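Protein chains in written order, with this note's numbering: chain A, 114 to 627; chain B, 2 to 314; chain C, 34 to 412. Let me begin by presenting the structure, written as structure tokens, before commenting on it.
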Amino acid sequence: MEQYAIEMLHITKKFPGIIANDDITLQLKKGEIHALLGENGAGKSTLMSVLFGLYQLEEGEIRKDGQTVTIHDPNDANALGIGMVHQHFKLVECFSVLDNIILGAETTRGGFLQKAEARKKVMALSEQYGLSVDPDAIIEDITVGMQQRTEILKMLYRDNEILIFDEPTAVLTPQEIQELMTIMKNLAAEGKSILFITHKLAEIMQVADRCTVLRKGKYIGTVDIKDSTPESLSAMMVGRDVNFVVEKAPVELGDVVLDVQHMTVASKHHKNNAVNDVSFQVRRGEIVCIAGIDGNGQTELVYGLSGLEPLKGGKITMNGVDITHLPIRKRLTNGMSHIPEDRHKHGLVLDYTLEDNIVLQRYFEPEFTSPMGFLKRKNIRSYAERLIEQYDVRSGQGPITKARSMSGGNQQKAIIAREIDKNPELLIAVQPTRGLDVGAIEYIHKQLVAQRDAGKGVLLVSLELDEVMNVSDRILVLYEGEIVGEFDPKQVSVEELGLYMAGSKRKEAQDRAN
Amino acid sequence: MILLLQYTLIFASVLVLVALGGCFSEHSGVINIGLEGIMVMGALGGALTMKYLPPDLNAALVILIVILACVVVGMLFSLLLGVAAIRFNADQTLVGTALNLLGPAAAVVLVRAINMAEDINNVSTTVAYGTAKKAFTTNIGSFEFNWFMLVALLVLIASYIVLYKTRFGLRLCACGEHPQAADSVGINVYKMRYAGVLISGALGGLGGLVYITAGVSEWKFENGVAGFGFLALAVMIFGQWKPINIGLAALLFGLFRALSNVYTGFDVLVALNLPNTVYNMLPYIISLIVLVFVSGKSKAPKAEGIPYDKGQR
Amino acid sequence: MQTDRKRESLLRNSGVQTIIGSLLCIAIGLLIGYVVLLIINPAGAGGAIAAILKNYFYYPSHVAVLKYLGTTLVKASALLVCSLSVLFAWKVGLFNIGVAGQYVIGAGASLYCALGLGLPWYVCLIAAMVCAALVGGISGALKAYFNVNEVISCIMLNWIGLYAVNMLLNTVKEQSTPYTKSLASANSSALLPNVGLDKIFSNNEYVTIGIIFAVLAAIIVWVLLDRTKFGFELKATGLNKHAARYCGMREKRNIILAMMISGALAGLGAAVLFLCGIEQWMVQMTSIPAMGFNGIAAAFLGGSHPIGAIFSSYFIQHITSGGSYVDKAMYSAQISDLISAFIIYLCGFVFFFKGWLGRLLDKRDEKRAAAQEKGGKAQ
């Protein structure tokens with residue numbers, strides 16, 4: 114009989130209006146790396162939350178070493194030796210690495226913390242598994258990679274035997290990803306059992322022993338990696354062949370829409386500039402993509418362009434007009450559209466209705482506001498209805514639906530409808546497909562290409578290399594606030610891009626010009 | 002001069018106690034605007050206890066019992082905030098404001114009821130605690146030493162140790178900074194937040210008592226505590242939520258507050274010929290100016306004011 | 034079944050939920066007040082609560098009832114404008130606890146213009162609004178440019194305002210008392226015109242155009258917030274200031290403007306009360322007048338809607354005035370303040386109550402759907 118560390122048998126978990134997990138079975142062998150594969154919304158996170166005690170299961174059972182167990186909260190999970198590195202790290206930013214590791218599992222004498230003992234144990238673990246960290250560094254000052262190692266040490270410090278990694282590579286550079294893969298193999302070799310949640314096939318092929326696939330809340334199957342190919346896994350994950358390549362006509366370059374010269378933006382987090390002396394151009398009829406690892410100045414670059422942050426230096430020209438010091442509203446009414454990175458923070462007023470969100474960039478125009486300052490509600494309604502129809506934005510009650518109650522994909526569609534229907538000269542799209550399912554991603558890519566074909570300039574900021582390679586006509590790599598390379602997607606490999614994104618290679622401006 | 006020192010120290014003691022109360026509550030993630038009301042209730046609890054204590058009791062015992070009384074009353078009253086904010090996700094500012102109105106109103110109604118029950122014509126809002134109060138002070142030369150100055154200092158030291166050296170403090174701060182992280186390592190965020198609010202109630206109540214006994218005469222409860230709860234919040238912000246800084250900030254604010262009591266003793270100040278009212282305004286003006294300078298780079302706990310909902314992840 | 038559905042869809046309406054919530058707050062608040070009275074003295078508790086609720090109906094004569102109804106209305110109109118001040122700021126995401134201090138400033142400015150400078154009522158009224166608006170604007174500017182929490186800055190300004198106004202009005206007080214001179218004798222041109230309203234309320238000279246101003250203010254605030262571009266921007270700023278900034282609204286300007294308008298309303302509240310001559314300012318005041326704080330109660334009890342505020346302000350003033358009719362031999366008038374305070378406290382739960390009601394209805398829907406499914410299968 115097989116030795117299973119953890120078995121989740123016939124798990125069902127429902128939320129109002131949706132079955133997140135429908136009869137799912139997952140068996141994790143001792144000492145293996147087991148991948149859990151599925152698209153966004155396939156039910157991976159829910160399943161792991163059930164295992165970690167964050168949600169309670171409705172049907173099915175969980176077994177540890179063959180014994181049925183119940184897990185009510187993370188404490189129970191911890192007592193069973195289950196630990197998890199969450200996708201969004203659960204670290205207290207103003208605490209030190211050591212404080213974060215011991216939090217919740219502190220050694221105390223008479224209520225007082227005994228940090229010296231804890232430090233010894235942490236240092237020993239860090240040596241044993243090759244996880245280098247500085248225990249006294251404050252979390253907000255250290256790199257994402259080191260934060261992740263802190264999370265792993267948190268599990269090891271608690272002597273966890275079953276380690277769950279939830280999308281651990283999304284925030285790492287290709288090189289850091291390689292380090293993590295090595296660490297994971299080390300851990301498995303030392304007898305830890307690892308559950309690895311991801312939607313990246315290459316990583317599974319590289320590191321996993323077996324793989325369980327979910328689709329739309331249902332269990333599709335479990336396969337041995339040595340008998341699988343990326344294509345076979347992909348087919349299981351999506352249930353149909355996906356057209357990974359975006360169809361588009363050759364570039365027809367027009368005038369320069371956006372000209373950025375020596376742009377510098379100060380950072381809020383550190384003393385260096387977030388964006389440092391960046392110069393580039395976007396022309397009509399092309400999609401220029403800013404590629405890079407999260408946190409290398411993309412956000413600040415876009416804030417500088419849109420006016421959300423002031424520039425420390427440099428000049429921005431749009432359509433021949435110097436917009437460096439123009440207020441946000443002026444930039445937006447002069448032909449800039451901006452699909453923001455964070456649709457909940459910037460993109461929408463969640464407690465406004467869909468129609469009010471649709472006119473958020475135009476409510477002040479004569480079509481929607483009378484000269485006396487009164488809103489023309491009728492016009493707003495008919496305009497919203499037209500966009501909802503045209504862009505297929507689905508919602509419970511049409512124009513009067515509260516944006517908060519809409520699905521992420523439809524919220525994003527509403528934003529895209531709003532920004533594209535403004536008929537911009539320059540469309541800035543920041544991670545427009547983040548967190549959306551395959552269907553919505555295809556739709557959004559088509560819209561971006563349509564804008565480009567209509568002779569607009571498109572500036573796309575993306576963290577997804579697939580998107581970068583497939584959609585863009587030109588790639589600029591941003592590393593630590595500087596452009597370190599410019600590429601034609603047809604003439605560069607993903608590996609090559611990765612080296613630039615990680616800062617281990619760079620082209621100087623002169624080289625680029627030549 | 003000695004008088005100025007004495008008043009500075011006693012007002013600083015009040016501010017330090019109440020500000021530390023606010024500090025504990027905010028580190029747990031609950032904004033406690035209601036400290037003003039909590040002070041009044043704590044003061045009331047203490048005052049009534051003093052009134053009914055047998056007059057010939059040992060001074061140390063009097064201090065102990067009275068402290069216990071105002072601490073318990075303050076904690077009970079702060080539970081109103083705790084339950085609303087933690088269990089029912091109510092708006093913390095709104096509920097805190099309600100507490101500030103509730104405290105003085107309840108105190109007046111209660112004190113009048115007690116006074117009128119004793120003497121139908123007595124509609125004053127003072128509690129007769131004059132005799133018991135003597136236990137709190139002892140004269141060192143011309144300096145009137147108040148035992149609460151020592152209590153405040155001890156509480157300050159204890160707060161520093163609790164927040165930075167104990168498991169409880171580590172967990173408390175985690176709940177105010179990143180409650181989801183705390184929850185994921187098995188810390189009960191709700192319990193820790195209740196603890197934070199209750200400590201603020203205890204210290205707020207104690208601070209209230211010290212405040213009303215700082216004056217020479219018996220306190221009129223219809224006056225509440227004259228915005229001292231809010232001054233304490235300003236002290237807490239100025240101290241950037243750190244006990245030692247809060248102690249220093251409290252001394253500074255205490256000095257300005259003391260000036261309004263004793264400025265007549267300083268020839269320089271009398272020569273300025275400013276109306277009394279200016280000195281009354283001074284602490285508030287100073288704190289407003291101070292806030293302008295320190296609020297920009299605020300070190301406030303990140304999750305304060307946000308109700309924690311286990312379902313939202 | 035059909036009527037059931039109708040009733041439930043009505044229950045799902047957010048406005049209806051707010052009204053139910055507010056009524057519950059009132060009922061529970063009164064109940065708690067009753068219990069407090071019972072504890073103090075069981076004998077008169079019922080009578081005292083009745084007195085609070087009856088207010089001017091205490092008087093047997095029809096004429097007196099009308100007269101004191103007028104007085105309650107005058108005070109309620111001031112309270113209404115204060116509550117508008119609170120809810121206006123609230124809509125923009127600001128908690129204007131400074132309404133109390135801005136009210137004080139309004140009182141100081143209007144009385145000083147009337148008594149010290151001898152100006153006519155409309156100038157006094159405008160002066161009150163402008164000065165209070167400036168003080169509100171300070172809090173707004175501190176918030177917008179220095180990230181100073183508006184609650185704390187407002188509280189500080191409340192006390193600064195109180196002492197400043199005491200100092201200012203000390204110059205126009207009566208010789209022998211700590212009260213400011215009476216408007217009627219010192220400068221009757223500063224009295225708000227009665228425009229015939231006094232006749233309706235048994236010649237209550239305090240009933241003036243101020244009541245009309247207050248109701249007008251409520252309607253203007255409603256239209257402004259609900260129907261105009263400006264209101265659209267203000268609410269967007271309040272709900273999500275990042276999104277407001279992203280789409281080019283000037284959120285700093287909006288915060289300052291909102292606090293200024295809020296302040297102006299508080300000033301208007303003071304002006305309509307003090308310029309009708311019903312009250313004089315006591316220049317040795319050591320606590321901030323309760324009017325502003327009651328405005329907070331009225332705003333939230335009215336579901337932070339201008340029209341709701343009309344009713345809630347009247348109710349709060351009704352029981353506050355009613356407090357003076359309780360048997361003074363047993364209780365103090367502050368029992369009304371206590372009840373108001375409880376009502377504010379309970380308003381904090383309204384949001385939770387709405388969510389709970391929604392979930393309850395959802396559950397019933399689900400049950401019914403399940404039952405129908407079963408019924409369908411059986412056939």
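No residue lacks a Cβ here, since even glycine has one placed at the ideal position from N, Cα and C. On a predicted model such as this, the values are computed, not experimentally measured, just so you know.
Can you tell me which of the options puts its alpha carbon nearest to the alpha carbon of residue i?
i, options, result
"arginine 262 of chain A", "A/Val581, A/Gly448, A/Glu274 and A/Met294", "A/Met294"
"valine 401 of chain A", "A/Arg475, A/Val364, A/Leu439 and A/Ile307", "A/Val364"
"leucine 201 of chain C", "C/Val156, C/Gln317, C/Val305 and C/Ala362", "C/Gln317"
"proline 187 of chain A", "B/Gly187, B/Thr132 and B/Gly208", "B/Gly187"
"serine 116 of chain C", "C/Asn237, C/Ala219 and C/Val254", "C/Val254"
"asparagine 235 of chain B", "B/Met2, B/Leu4 and B/Ala13", "Residue identity check: residue 235 of chain B is alanine in the sequence provided, not asparagine. That would be B/Ala13, whose Cα lies nearest to the Cα of alanine 235 of chain B."
"glutamate 478 of chain A", "A/Tyr504, A/Glu498, A/Lys443 and A/Asp464", "A/Lys443"
"isoleucine 130 of chain C", "B/Gly266, B/Leu292 and B/Gly228", "B/Gly228"
"glycine 104 of chain B", "B/Asn224, B/Ala91 and B/Leu273", "B/Asn224"
"alanine 99 of chain B", "C/Ala84, C/Glu284 and C/Ile376", "C/Ile376"
"alanine 133 of chain A", "A/Val246, A/Tyr242, A/Tyr332 and A/Thr286", "A/Tyr332"
Determine whether the Cβ of residue i lies closer than 9 Å to any Cβ atom of chain B.
i, result
"alanine 206 of chain A", "Checking the sequence shown, residue 206 of chain A turns out to be glutamate, not alanine. Closer than 9 Å: yes."
"lysine 458 of chain A", "no"
"lysine 361 of chain C", "yes"
"phenylalanine 333 of chain C", "yes"
"valine 168 of chain C", "no"
"leucine 160 of chain A", "no"
Using a Cβ-Cβ cut-off of 7 Å (strictly less than) and excluding sequence neighbours within five positions of residue i, which residues of its own chain qualify?
i, result
"alanine 146 of chain A", "Before going on, a small fix: residue 146 of chain A reads as isoleucine here, not alanine. Excluding positions up to five away in sequence, the list reads Met297, Ala301, Ile307, Phe309, Val320, Ala321 and Asp322."
"glutamate 289 of chain A", "Gly258"
"proline 537 of chain A", "Gly448, Met449, Ser450 and Lys569"
Kindly identify the DSSP beta-bridge partner or partners of residue i.
i, result
"arginine 396 of chain A", "A/Val369"
"cysteine 642 of chain A", "Chain A is shown only over 114 to 627; residue 642 of chain A falls outside these bounds and no answer can be derived."
"phenylalanine 12 of chain B", "DSSP lists no partner for phenylalanine 12 of chain B."
Tell me which residues share the same chain as residue i and place their Cβ nearer than 8 Å to its Cβ, disregarding the 5 neighbours each side in the sequence.
i, result
"methionine 293 of chain C", "Ala166, Leu167, Gly169, Gly170 and Gly173"
"threonine 138 of chain B", "Glu145, Phe146, Asn147 and Trp148"
Please go through the same chain and pick out, in chain order, the residues whose beta-carbon is closer than 6 Å to the beta-carbon of residue i, but skip the five residues on each side of it.
i, result
"alanine 129 of chain B", "Lys52"
"isoleucine 11 of chain B", "Asn147 and Ala215"
"glutamate 174 of chain A", "Leu122 and Thr181"
Please decide whether residue i counts as near chain C, where near means a Cβ-Cβ distance under 9 Å.
i, result
"valine 279 of chain B", "yes"
"arginine 494 of chain A", "no"
"proline 453 of chain A", "yes"
"valine 462 of chain A", "yes"
"serine 127 of chain A", "Here the sequence assigns lysine to residue 127 of chain A, which means serine is not the residue at that position. Cβ-Cβ to chain C under 9 Å: no for lysine 127 of chain A."
Please determine whether the Cβ atom of residue i lies at a distance below 8 Å from any heavy atom of the ligand HEM.
i, result
"tyrosine 264 of chain B", "In the structure on display, the ligand HEM does not appear, and there are no ligands present to speak of."
Let me see if you follow: with CB-CB separation under 9 Å, is residue i close to chain A or not?
i, result
"asparagine 134 of chain B", "The displayed chain sequence assigns lysine, not asparagine, to residue 134 of chain B. No, its Cβ sits nowhere closer than 9 Å to a Cβ of chain A."
"glycine 281 of chain C", "yes"
Residues of the stretch 380-398 of chain C in Cβ contact with chain B at a cutoff of 8 Å, in chain order, please.
Cys380, Gly381, Phe382, Phe384 and Phe385
Compile a chain-ordered list of the residues in the stretch 174-191 of chain A whose CB is closer than 9 Å to at least one CB of chain B.
Asp186, Pro187, Asn188, Asp189, Ala190 and Asn191
Taking Cβ-Cβ distances below 9 Å as the criterion, which residues of the stretch 298-323 of chain C are in contact with chain B?
Thr319, Ser320, Ile321 and Ala323
Going along the chain, which residues of the stretch 166-193 of chain B sit with their C-beta nearer than 8 Å to a C-beta in chain A?
Lys166, Thr167, Arg168, Phe169, Leu171, Arg172, Cys174, Ala175, Glu178, His179, Gln181, Ala182, Ala183, Asp184, Ser185, Val186, Gly187 and Ile188
Positions along the stretch 218-237 of chain A whose CB lies within less than 8 Å of some CB in chain B
Ala218, Glu219, Thr221, Gly224, Phe225 and Leu226
Select from the stretch 58-73 of chain B all residues with a C-beta closer than 8 Å to any C-beta belonging to chain C, and list them in chain order.
none
Mind listing which residues of the stretch 260-279 of chain C have their C-beta closer than 7 Å to chain A's C-betas, in chain order?
Arg260, Thr261, Lys262, Phe263, Phe265, Ala269, Leu272, Asn273, His275, Ala276, Arg278 and Tyr279
For the stretch 255-286 of chain A, which residues have a CB atom closer than 8 Å to at least one CB atom of chain C, in sequence order?
none
What residues from the stretch 23-40 of chain B come within 8 Å of chain C, judged by C-beta to C-beta, listed N to C?
Ile34
Please identify, using Cβ separations under 8 Å, the residues of the stretch 466-477 of chain A that lie next to chain C, in order along the chain.
Asp469, Leu473, Gln474, Tyr476 and Phe477
Interface residues of the stretch 188-222 of chain C facing chain B [CB-CB below 8 Å]
Ile188, Met189, Leu190, Asn191, Trp192, Ile193, Tyr196, Ala197, Asn199 and Met200
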